[in-house]
Ligand SMILES: Nc1ncnc2c1ncn2[C@@H]1O[C@H](COP(=O)(O)OP(=O)(O)OP(=O)(O)O)[C@@H](O)[C@H]1O
Ligand SMILES: [Mg+2]
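Chains as they are written, first to last, in the UniProt record's numbering: chain C, 1 to 279; chain S, 1 to 334.
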């Protein structure tokens, strides 16, 4: 870091802008969390007030924990998200390596074909997907969701990762070949560690939409034992009455696991960036 | 026995022909240097020899064994890259040992070879460091060590010194020469650097546009270039070319004279004006614009005082002048 370019005024302005952004971004989350600790009356009377001795209540959390199998929903969401990310990164990275590394007939066409998926929303194919899932007996299993989310995430993953893999030094891969490493080890031990920041980016991009998705759980896996958290929370939102305490508590708790995952990935991201800088 | 035989090797990327009909034999223990302008196919030829690219046609044999279709690790070669290409996640010791480990060599043999190589290259103190914790020169020595450890029949170097600064380059050049003497393996070395080529090579191969222009010892190429391209490519400052006709040569021909073979003298046949003087201490380069508007470089041994703008007369020795036809081929000397 150069000190010469560091004027206090500049860093003040930068911090002010960043802090303003953080406030704007975190405000809705903040409102949800504080209201989840209040009783129903206070939520509507003073939505922005912090919970005090009067209004403090854990009724929402109690309802959520009593109602249905909330931990099972949690677990389902976690399994679906982590497994989908795993497959997206694994298959995405392998496809990207092949596209970036090997010259074969149809390489360019294959790349374009895979990238096409970025532009076409997968939900257009919902009916066909449902028919396929019914035919293969996967309806109401977590596999149905994992497969669909993997398919949904792959196009962007392949696109981003192949771009990064092209930048990995050819000499390094060739040195590995001369030393007798198999293509799989060159991929896993030489190339993947160098594109770790890109992998983390892809993971973060895919994680949130999968965690929050309501559409596919509702259509492909609405059974009690395969409900995801987002779907499970819907019981509190009725057509006529909504149990706001429960909804806000469920949302507050749903934030935690994604935040944990995000911290893991973002650490990878930062490590990747700084290790590139000192090299 | 011959370490390497290339027989009519061609390489094309799609429609682009990069190597055309390369024939070459490298004897055991020989040091062969590839030179040529950028993009002429030197690295591609090296990669074809290493097996990192397949030749489009032609035969390759290493140590008498045909190796077309043999994977790089089984060809008995080792390669040193311009960018070092060390494994970033392994320390120096493991970087050097990986190739042998992959071959399944016994652990004691690996330790022995690594110790030997690190002694030769004075890397003993750094064996536990990662590549990121080494200087450029040390990284390059590790890369060379990684090649030595495998005890290959043929070493391939692709511009190994071009990322080093001038003094380090000279030291490493001398180390490589010493290494070659002590290892007695054949080496193929790609470089842009005149001095490296002239000082290291037993034989130089001059390439242009994927073709071999001439093969010979450094002095053969210097004293007896086959064509104008080779004559101009080797030697620094490079050879002067001027129209031969005004000096009594055949029409259309070009006369080539090396800068050190031009002499300043009152009765020389060439007249001109000094446009620039470079004093290097040991010798002096004088740039002269002749009456025929050609620029000549004159290299005078020692320190020589002459002002820019002064009129000079230059002479040359017929025995040291080369005559080239219009297409660049060499005409027999007069
Ligand atoms: N993978 C490839 N696909 C298409 N063309 C290539 C490929 N690799 C090299 N070439 C072309 O082959 C030619 C020779 O390249 P090469 O790298 O062998 O040159 P070089 O003599 O090593 O040059 P330099 O001295 O700059 O390293 C170049 O014109 C290059 O554009
Ligand atoms: Mg090259």
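All C-beta atoms in this analysis are idealised placements derived from N, C-alpha and C, irrespective of residue type, glycine included.
Is residue i buried or exposed, if buried means 16 or more other CB atoms sit within 10 Å of its CB?
i                      : result
residue 204 of chain S : buried
residue 278 of chain C : Reliability fails at residue 278 of chain C, whose pLDDT of 40 lies under 50, so the model's placement of it is uncertain and no value is given.
residue 69 of chain C  : exposed
residue 309 of chain S : exposed
residue 10 of chain C  : exposed
residue 219 of chain S : exposed
residue 150 of chain C : buried
residue 180 of chain S : buried
residue 167 of chain S : exposed
residue 334 of chain S : Per-residue confidence for residue 334 of chain S stands at a pLDDT of 46, beneath the threshold of 50, marking its modelled position as unreliable; no derived number is given.
residue 105 of chain C : exposed
residue 75 of chain S  : buried
residue 64 of chain C  : buried
residue 236 of chain C : buried
residue 195 of chain C : buried
residue 165 of chain C : buried
residue 88 of chain C  : buried
residue 275 of chain S : exposed
residue 239 of chain C : exposed
residue 276 of chain C : For residue 276 of chain C, the pLDDT reaches just 46, beneath the cut-off of 50, and the residue's location in the model is therefore unreliable, although a value from the coordinates is still provided. It is exposed - the Cβ of residue 276 of chain C has fewer than 16 other Cβ atoms within 10 Å.
residue 171 of chain S : exposed
residue 96 of chain S  : buried
What do you reckon, are the CB atoms on residue i and residue j nearer than 9 Å?
i                      : j                      : result
residue 264 of chain S : residue 313 of chain S : yes
residue 77 of chain C  : residue 254 of chain C : yes
residue 144 of chain S : residue 121 of chain S : yes
residue 135 of chain S : residue 172 of chain C : no
residue 58 of chain S  : residue 2 of chain S   : no
residue 95 of chain C  : residue 158 of chain C : yes
residue 278 of chain S : residue 270 of chain S : no
residue 12 of chain S  : residue 56 of chain S  : yes
residue 85 of chain S  : residue 169 of chain C : yes
CB of residue i to nearest heavy atom of ligand 2: below 8 Å?
i                      : result
residue 158 of chain S : yes
residue 345 of chain S : A question about residue 345 of chain S goes unanswered here, because the residues of chain S that appear run from 1 up to 334.
Using only the heavy atoms of ligand 1, determine whether one of them is closer than 8 Å to the beta carbon of residue i.
i                      : result
residue 372 of chain S : Because chain S here runs from 1 to 334, residue 372 of chain S falls outside it and cannot be looked at.
residue 42 of chain S  : yes
residue 27 of chain C  : no
residue 192 of chain S : yes
residue 338 of chain S : Because chain S in this structure spans residues 1 to 334, residue 338 of chain S falls outside the shown range and cannot be described.
residue 349 of chain S : This structure leaves residue 349 of chain S out entirely; chain S is present only between 1 and 334.
residue 14 of chain S  : yes
residue 38 of chain S  : yes
residue 330 of chain S : no
residue 103 of chain C : yes
residue 158 of chain C : no
residue 168 of chain C : no
residue 263 of chain C : no
residue 32 of chain S  : no
residue 302 of chain S : no
residue 212 of chain S : no
residue 18 of chain S  : yes
For the candidate residues the options, whose alpha-carbon lies nearest to that of residue i?
i                      : options                       : result
residue 231 of chain C : C:243, C:240, C:211 and C:241 : C:211
residue 210 of chain S : S:14, S:39 and S:24           : S:39
residue 146 of chain C : C:190, C:163, C:185 and C:213 : C:213
residue 81 of chain S  : S:166, S:165, S:149 and S:140 : S:140
residue 27 of chain C  : C:8, C:104 and C:49           : C:49
residue 34 of chain C  : C:148, C:150 and C:61         : C:61
residue 41 of chain C  : C:54, C:31 and C:29           : C:54
residue 231 of chain S : S:292, S:31 and S:324         : S:324
residue 35 of chain S  : S:184, S:286, S:229 and S:147 : S:229
residue 92 of chain C  : C:72, C:162 and C:107         : C:162
residue 101 of chain C : C:241, C:20, C:167 and C:259  : C:167
residue 26 of chain S  : S:289, S:217 and S:319        : S:217
residue 93 of chain S  : S:78, S:110, S:152 and S:77   : S:110
residue 17 of chain S  : S:4, S:33, S:28 and S:45      : S:45
residue 139 of chain C : C:224, C:208, C:36 and C:73   : C:224
residue 205 of chain C : C:241, C:156 and C:183        : C:156
Exercise. Is there contact here, the stretch 123-136 of chain C with the stretch 72-90 of chain C, by at least three beta-carbon pairs under 8 Å?
Worked result: No, they do not touch.
For this session: Evaluate the contact criterion for the stretch 247-265 of chain C versus the stretch 1-12 of chain S: three or more CB pairs, one atom per stretch, below 8 Å.
Result: A contact between stretches requires three or more CB pairs, one per stretch, nearer than 8 Å, and the stretch 247-265 of chain C fails this requirement with the stretch 1-12 of chain S.
Exercise. Between the stretch 131-144 of chain C and the stretch 187-204 of chain C, do three or more beta carbon pairs fall short of 8 Å?
Worked result: Judged by Cβ distances under 8 Å, the stretch 131-144 of chain C makes no contact with the stretch 187-204 of chain C, as fewer than three pairs qualify.
Exercise. Touching or not, the stretch 44-56 of chain S and the stretch 172-192 of chain C, by the rule of three or more beta carbon pairs under 8 Å?
Worked result: Judged by Cβ distances under 8 Å, the stretch 44-56 of chain S makes contact with the stretch 172-192 of chain C, as three or more pairs qualify.
Exercise. Should the stretch 103-118 of chain S be regarded as contacting the stretch 183-194 of chain S, the criterion being three or more beta carbon pairs within less than 8 Å?
Worked result: The stretch 103-118 of chain S is not in contact with the stretch 183-194 of chain S.
Exercise. Okay, do the stretch 63-74 of chain S and the stretch 241-259 of chain S touch, 3+ Cβ pairs below 8 Å being the bar?
Worked result: Fewer than three beta-carbon pairs drawn from the stretch 63-74 of chain S and the stretch 241-259 of chain S are found closer than 8 Å, and the two stretches are therefore not classed as touching.
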